[in-house]
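Take a look at the structure set out below.
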Amino acid sequence: MPTESGTPFADLARLARDLEATTKRLEKRRRIAEFLRRLPREEVGPAVLIVIGRIFAESDQKALNVGWATLQKALGSSRQARLDARPLTILDVRRAFDGIAAAGGTDSVRARLRLLASLLGQATDPEREVLLKSIFGEMRIGVNEGVMLEGIADAAGVDADAVRAAHMVLGDLGRVAEVALAQGAEGLGGLQLRLFSPVKPMMAEMADDLDEVLKEHGGTTAVEFKFDGARIQIHRDGDRVRVFSRRLTDVTESVPEVVEIARGLPRMSFLLEGEVVAVDARNRPLPFQDLMRRFRRVHEIEALRKEIPLRLYLFDVIYLDGRSLISVPYRERWAALERLVPADLLARRIVTGSRAEIEAFLKEALDAGHEGLMAKQLDSTYSVGKRGKKWFKVKPADTLDVAILAAEWGHGRRQGTLSNYWLGVRDGGRWQMIGKTFKGLTDKERLDLMERLIHLKTSEEPWVVHVRPEVVVEIAYGARTTSRASPSGSRGSRGSGRTRAPATRTRTTG
């Protein structure tokens with residue numbers, strides 16, 4: 242229970258154990274709701290984030306920057322500290338994490354080590370277990386964002402959809418929980434898209450065929466080039482410009498040319514979506530790995546600009562002149578985008594109801610070195626953070642029979658299940674990994690496959706289960722790229738690998 246100094250962190254550690262002990266979703270929701278109701282407002286956000294395995298919100302650019310070596314040293318230094326330590330509170334943990342993230346300068350590693358050792362030294366063994374799990378982002382207590390959203394809704398007495406909608410816009414489940422418990426449905430309804438608070442992007446389904454696209458979109462669809470680049474959000478308010486990746490990370494310093502373009506546009510307040518592509522001297526797309534060299538660097542960017550120039554393609558505007566456009570139909574958002582930016586910055590696009598025209602446009606995109614097409618329903622609103630059939634990805638796909646070599650424990654909605662599969666092929670009598678995928682299976686198929694993989698387990702690491710390569714699946718992939726991470730030197734195209742019908746494609750290998 243809360244005291245004058247705050248709620249003991251031991252209470253949260255006890256909640257984590259209780260949540261792990263039950264597999265019943267309703268029971269998890271009940272326990273979460275009861276716990277949140279008795280917390281002071283300032284403790285709600287930190288508690289919510291820790292339970293779902295996060296230190297900071299997705300939209301928060303802070304990071305602990307703590308490596309395994311630092312953590313080991315901190316654990317060693319913390320052993321003697323427990324005897325005279327006062328009990329930890331939830332806010333003690335929050336302040337410690339903030340301090341570790343803020344440590345900078347030439348002595349930053351030592352400062353982070355000192356703060357982390359102090360935090361772990363104050364913790365009891367059960368508390369330390371929760372702290373370490375949260376630092377690694379792997380709580381593994383069966384509470385994903387979906388369960389937490391429902392628990393927050395129960396605690397506040399509001400509809401879960403209202404909590405979900407607010408989370409998609411803010412990207413901060415802790416903040417959403419604070420507002421829900423303090424202000425209820427009215428407060429949640431007042432949470433709006435804000436500049437410089439990145440939103441979860443709308444996502445597309447993979448199209449099985451063009452007939453499906455045209456049927457779902459009412460006979461006519463808008464078709465855009467799909468680029469093999471990095472999706473970004475560009476936020477501008479006056480002279481201030483920030484650029485965020487699809488994972489809501491601030492990448493502004495890595496893409497100064499995008500900032501220059503944004504500052505050159507006539508409107509002073511907007512949020513644009515687009516894609517940046519690395520290009521060669523002929524303006525042809527370069528491999529995705531070259532683009533990632535830009536995204537991973539913040540130093541010597543001017544020299545890298547010349548070596549790896551970027552091309553920006555814009556395809557949506559979801560905030561303009563102080564007004565959110567997420568409820569505005571796509572056709573109107575596109576018209577607003579056309580009025581805002583020069584034509585050479587727009588993604589190539591046609592509106593058609595002809596399968597033949599789409600096929601010809603797909604060939605044009607592929608000939609230009611791009612990935613494929615995006616098909617968008619003309620009357621669709623912007624579904625923040627959701628995947629659906631308002632948008633489709635259209636790409637050519639080859640198939641390949643591969644064996645599952647291992648599987649990772651999932652995150653978020655797939656937490657508690659084996660869902661990211663390591664795929665391999667035989668090469669000279671040995672199995673070589675060629676890539677990973679988590680796509681293409683229903684929840685039931687994923688659970689059935691997990692049961693079979695557990696029976697084939699040969700060894701297990703904290704987040705990976707290695708199995709005998711006896712389950713063979715068919716995957717669809719759009720392209721192959723070079724990868725230093727895979728022993729075979731190649732892997733399926735980013736995000737394009739899809740497992741097909743594993744339950745019916747299984748056989749025992751030799």
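Sequential numbering of the sequence shown, starting at 242, is according to this note's numbering. In this text, a Cβ means the ideal position worked out from N, Cα and C, and glycines have one as well.
- With a threshold of 16 other beta carbon atoms within 10 Å, G563 falls short and is exposed.
- Counting the other CB atoms within 10 Å of its CB gives E612 a total of 16 or more, which places it among the buried residues.
- DSSP places I341 in the helix class (H, G or I) of the three-state scheme.
- For F556, the uninterrupted beta strand (DSSP E) segment begins and ends at 551-561.
- Annotation for R523: no beta strand (DSSP E) segment contains it, and DSSP assigns it neither H nor E.
- Under DSSP, V420 forms no beta bridge with any residue.
- Distance from the CA atom of K456 to the CA atom of A597, rounded to whole angstroms, is 15 Å.
- Counting C-beta pairs with one atom in each stretch, the region 301-314 and the region 339-353 have three or more that are closer than 8 Å, which means they touch.
- Contact between the region 634-647 and the region 543-554 is absent, with fewer than three C-beta pairs closer than 8 Å.
- For V285, the uninterrupted alpha helix (DSSP H) segment begins and ends at 282-292.
- Linking V410 to G669 through their CA atoms gives a straight-line distance of about 50 Å.
- At the C-beta level, V440 and Q474 come within 9 Å of one another.
- When D413, G412, L614 are compared, the shortest CA-CA separation from A463 is found for L614.
- Remark: C-beta atoms of F437 and R487 do not approach each other more closely than 9 Å.
- Our two residues, L260 and R271, have alpha carbons roughly 10 Å apart in a direct line.
- For the 9 Å CB-CB criterion, G378 and G294 form a contact.
- Bounds of the beta strand (DSSP E) holding L664 are 659-668.
- S565 is bridged by DSSP to Y560.
- As summarised for the region 596-634, the continuous beta strand (DSSP E) elements at least 3 residues long and confined to that stretch are 613-617, given in chain order.
- Annotation for L587: Y554, L555, F556, L578, E579 place their beta carbon closer than 8 Å to its own, counting only its chain and skipping 5 residues before and after.
- Spatial neighbours of A352 in its own chain (CB-CB distance under 6 Å, excluding positions within 5 residues in sequence) are listed in chain order as A344.
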